[in-house]
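Visitor: Using our numbering, the first residue of the sequence shown is number 31, and each one after it goes up by one.
Heads up, the beta-carbon is just placed ideally off N, CA and C, and yes, glycines get one too.
Here the structure is a predicted model, which is why all the values come from computation and not from measurement.
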Amino acid sequence: MGFRKTAATMAAVAVAALATGGTAAAAGSGPGVACPAGYLCLVPSSGAPVETVPSGESRAYSPPLVVRALVNNTTLNYCIFSEASFGLPPQTSVTRTATVRAVEPGTVCPL
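This is the structure we're talking about:
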């Protein structure tokens, strides 16, 4: 009985996440990728190898990097500069398509 309730709850959470256009979760082994501790990981939509950024470092991408997911397995907030810039708190991941121009640690992310 408990298993069915847990499975139903998990299914409801998955449906709600899909309905909002993305998901957020605890980091570490984010959306289909293991991200090492102390790194920000960007998962390219192209299937290319995962881009890893050591904690505290910034990166710029020219041309921009199209990603399908990001995993922040650091202790820092990161600003993700894309067509709609956003912040990614420590120890979280997000599944969404974004065209990333740059990433940098920070708590205030200008649009």
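From the DSSP output, in three-state form, read off Ser115 for me.
Guide: Reduced to three states, the DSSP call for Ser115 is coil.
Visitor: With a threshold of 7 Å (Cβ to nearest heavy atom), would Thr137 be considered close to the ligand SAM?
Guide: Because no ligand of any kind appears in the structure shown, any question about the ligand SAM cannot be addressed here.
Visitor: How would you label Pro140, buried or exposed, when you count the other beta carbons within 10 angstroms and need 16 or more for buried?
Guide: That one is exposed.
Visitor: Can you grab the Cα-Cα spacing for the pair Tyr91 / Leu72, in whole Å?
Guide: One C-alpha to the other measures close to 12 Å.
Visitor: At the level of alpha carbons, what is the spacing between Ala78 and Val101?
Guide: The alpha-carbon atoms of Ala78 and Val101 are separated by roughly 16 Å.
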